[in-house]
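Participant:
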Amino acid sequence: MSYEKILKNLGLDEQDYKNGTLAVYSPTDGSKIASVPEVDGAEVTHMIGQAKEAFLAWRDVPAPKRGELVRLLGEELRKSKEDLGKLVTLECGKVLQEGLGEVQEMIDICDFAVGLSRQLYGLTIASERPGHFMRETWHPLGVCGVISAFNFPVAVWAWNTALAIVCGNAVIWKPSEKTPLTAIACGKIFDRAMKRFGTAPAHLSQIANGGREVGEVLVASPDVPVISATGSTRMGRIVGTKVAERFGRSILELGGNNAMIVTPEADLDMALRATLFSAVGTAGQRCTTLRRMIVHKDVKDKLLPKIQKAYATIKIGDPMEKGSLIGPLIDKDSYDAMQNALAQAKEQGGKIVGGERVLSNEYPNGYYVRPAIVEMPAQSDVVKHETFAPILYVLTYDCLDEAIKLQNDVPQGLSSCIFSTDVRETEYFLSSLGSDCGIANVNIGPSGAEIGGAFGGEKETGGGRESGSDAWKGYMRRATNTINYSRELPLAQGVEFNVD
Ligand code: NAD
């Protein structure tokens, strides 16, 4: 199917993707596939005003009713899953199965949010005063700004928007400038849900396509009380600081440097399978990609040859083609960053297998690489840095404490896992003495989290949480209420005022 047909199926008109100022390239072959309209600073400011109006109306709609809009969004996403999944593949280069999987995650979070719309619970609290009780209530915050990265071009919007909308907020989304088409498609899908719902205020969810300047306007605005920003640590450092300066709230979902510890008690076949999915999936361009394997010195020579053998059979190619398991990197900059990291790794004593460019004759402007495995003598600087490409560094250890120390000795704190069948090892890894990451797994790789749990990480990953569990609290404000149902007015700390 031609890509214009996919765009048409999704509801895009030519004015949505032709004659704009923002050029869109497909990483598959580097060809220009669209030029979409961008907004400028003044337009973003106008959009914020419109979103505020929408919020003032929406906050008063009962939460379960708000959930109905998200239920309809989930239905519309189900109808568009095939087309949107293909567009994700075309625009960001992940293989089709992953493109479809990303849309499924959007559907899952809608289902979760619908249930949540009846569960925005607060506590009731015993008061120390007779004839009183206390409770917590949760209220919408206002306009929620969502800034997203290229590698999950649509799911990040859904994770934030499904929750923000049931929580009673309005949303303005600044997608990655590398993936504006899928964003426009999501806007059309949302519009169809709005139409079916009928009575939701206009401008409840808007899209502001453009470069970082567009994001900067959202970040600076006191009318956007919460900013959820997904992307590099470099971006998060700026955004987090700017939002904090105005006492706004930020939900930061930044870079990861995720590890797997493989102990002598591990099921090595399981470790192998998990490594393949986690280290090479999405061509190493997931925030949760496995980047460091910390393997016991007695196990390395059993496991590493198996991984190298499996790597040699993985099909690299057009992400739309059946059977391809690794698609292209997003662009040349990404390829250059990978080669630069490999050169540094070599200087720092690394032994490299793979990592070279492939298919350059067929795709002179598409950047396909063989995933790299790099045995390192130590956890040097390059290993501590997140390179957004398929490089797996391999380190060895002697005792579990050493492995955990290595795993934690990086600036990032997103995802981690241990492969072991010894419950003492696995529980130790999950304890306060173990992994310092937001996600810690046992006998499953670090990538591909389920939406039911809170998603996010510590340290330079930013500390934010999205998706399941009680992540919804990030999109609401808490009020503590004290209610006096007696005829007395006892004052705190025994203070007495004599009033006649
Ligand atoms: P990026 O930081 O280059 O861009 C992300 C977004 O931030 C883009 O929309 C960009 O326009 C915007 N932006 C950049 N500077 C800004 C500024 N000063 N103010 C406002 N907005 C600004 O990231 P990328 O290359 O698109 O994505 C890759 C990175 O994202 C990796 O580091 C990856 O680990 C991370 N990531 C993290 C998660 C997570 O959940 N932790 C998920 C996906 C990606």
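In the numbering used here, the protein residues as written are 465 to 964. C-beta atoms are modelled at their ideal positions from N, C-alpha and C, and glycine is treated no differently.
With DSSP run on the structure shown, which of helix, strand or coil describes residue 671?
Facilitator: If DSSP states are grouped into helix, strand and coil, residue 671 belongs with the strands.
Participant: Could you check what DSSP says for residue 863 in three-state terms: helix, strand or coil?
Facilitator: Reduced to three states, the DSSP call for residue 863 is coil.
Participant: So residue 618 and residue 567 are in contact, right, with Cβ under 8 Å, and what is the actual spacing, rounded?
Facilitator: So it is a contact: roughly 7 Å between Cβ atoms.
Participant: Excluding the five sequence neighbours on either side, which residues of its own chain have a C-beta within less than 7 Å of the C-beta of residue 816, listed in chain order?
Facilitator: 806, 809, 810, 836 and 838.
Participant: With a floor of 3 residues, list each beta strand (DSSP E) that falls wholly inside the segment 907-950, ordered by position along the chain.
Facilitator: Listed in chain order, they are 940-948.
Participant: Does residue 952 pass the burial test, meaning 16 or more other C-beta atoms within 10 Å, or should it be called exposed?
Facilitator: By the neighbour-count rule (16 or more Cβ atoms within 10 Å), residue 952 is not buried but exposed.
Participant: Leaving out the 5 sequence neighbours to the left and right, which residues in its chain are closer than 6 Å to residue 609 when beta-carbon positions are compared?
Facilitator: So the list reads 636, 682, 688 and 691, once near-sequence residues are dropped.
Participant: Express the C-alpha separation of residue 779 and residue 773 in angstroms, rounding to a whole number.
Facilitator: Straight-line Cα distance between these residues: approximately 13 Å.
Participant: Under 9 Å between the Cβ atoms of residue 830 and residue 491?
Facilitator: Contact: yes.
Participant: Could you have a look at residue 601 and say whether DSSP puts it in helix, strand or coil?
Facilitator: Strand, per DSSP.
Participant: Here's the rule: buried if 16 or more other CB atoms are within 10 angstroms of the residue's CB, otherwise exposed. What is residue 833?
Facilitator: Flag for residue 833 reads buried.
Participant: Have a look at the DSSP bridge pairing and note the partners of residue 487.
Facilitator: Note: residue 487 sits in a beta bridge opposite 499.
Participant: Along the beta strand (DSSP E) that carries residue 694, what are the first and last residues, could you check?
Facilitator: Its beta strand (DSSP E) spans residues 690-694.
Participant: Restricting to Cα atoms, I'd like to know which of 843, 496, 919 and 539 is closest to residue 660.
Facilitator: Considering only alpha carbons, the answer is 539.
Participant: Alpha carbons only, please: which of 751, 467, 726 and 747 is nearest the one belonging to residue 425?
Facilitator: The requested residue 425 does not occur in the structure, where the chain is confined to residues 465 to 964.
Participant: Taking 9 Å as the threshold (C-beta atoms), are residue 470 and residue 550 in contact?
Facilitator: Yes, the pair counts as a contact, with Cβ atoms nearer than the cut-off.
Participant: Got a sec: does ligand 1 put a non-hydrogen atom nearer than 8 Å to the Cβ of residue 503?
Facilitator: No - ligand 1 has no heavy atom lying nearer than 8 Å to the Cβ of residue 503.
Participant: What span of residues does the alpha helix (DSSP H) with residue 888 cover, start to end?
Facilitator: Here the alpha helix (DSSP H) through residue 888 covers 887-894.
Participant: Let me see if you follow: with CB-CB separation under 9 Å, is residue 711 close to chain B or not?
Facilitator: The structure shown has no chain B; it contains just one protein chain.
Participant: Can you give the Cα-Cα distance for residue 728 and residue 894, rounded to whole angstroms?
Facilitator: Their Cα atoms are separated by approximately 18 Å.
Participant: Hey, how far is the Cα of residue 629 from the Cα of residue 736?
Facilitator: Looking at the two C-alpha atoms, the distance is approximately 40 Å.
Participant: Any chance the CB of residue 804 is under 8 Å from a heavy atom of ligand 1?
Facilitator: Result no, Cβ not under 8 Å from ligand 1.
Participant: Here's a check: name, in chain order, each residue in its chain whose Cβ is nearer than 8 Å to the Cβ of residue 648, leaving out the five neighbours to either side.
Facilitator: The residues are 476, 480, 481, 500, 671 and 673.
Participant: Looking at the strands, I want to know which residues DSSP matches up with residue 883.
Facilitator: Beta-bridge pairing links residue 883 to 726.
Participant: Which word fits residue 585, buried or exposed, when buried means at least 16 other C-beta atoms lie within 10 angstroms of its C-beta?
Facilitator: So residue 585 ends up on the exposed side.
Participant: What are the boundary residues of the alpha helix (DSSP H) that includes residue 1048?
Facilitator: The question about residue 1048 has no answer, for the chain in this structure spans 465 to 964.
Participant: Between the Cα of residue 749 and the Cα atoms of 720, 771, 759 and 763, which residue gives the shortest distance?
Facilitator: Of the listed residues, the one whose Cα sits closest to residue 749 is 720.
Participant: Residue 949 to residue 596, Cα distance in whole Å?
Facilitator: Between residue 949 and residue 596, the C-alpha separation is close to 6 Å.
Participant: Given a cut-off of 9 Å, decide if residue 600 and residue 943 are closer than it, judged by their beta-carbon atoms.
Facilitator: The answer is yes: Cβ separation under 9 Å.
Participant: Quick check on this structure: which residue in 874, 784 and 643 has the alpha carbon closest to the alpha carbon of residue 922?
Facilitator: Closest by alpha carbon: 874.
Participant: Classify residue 723 as buried or exposed, calling it buried when 16 or more other Cβ atoms lie within 10 Å of its own Cβ.
Facilitator: Per the 10 Å Cβ criterion, buried.
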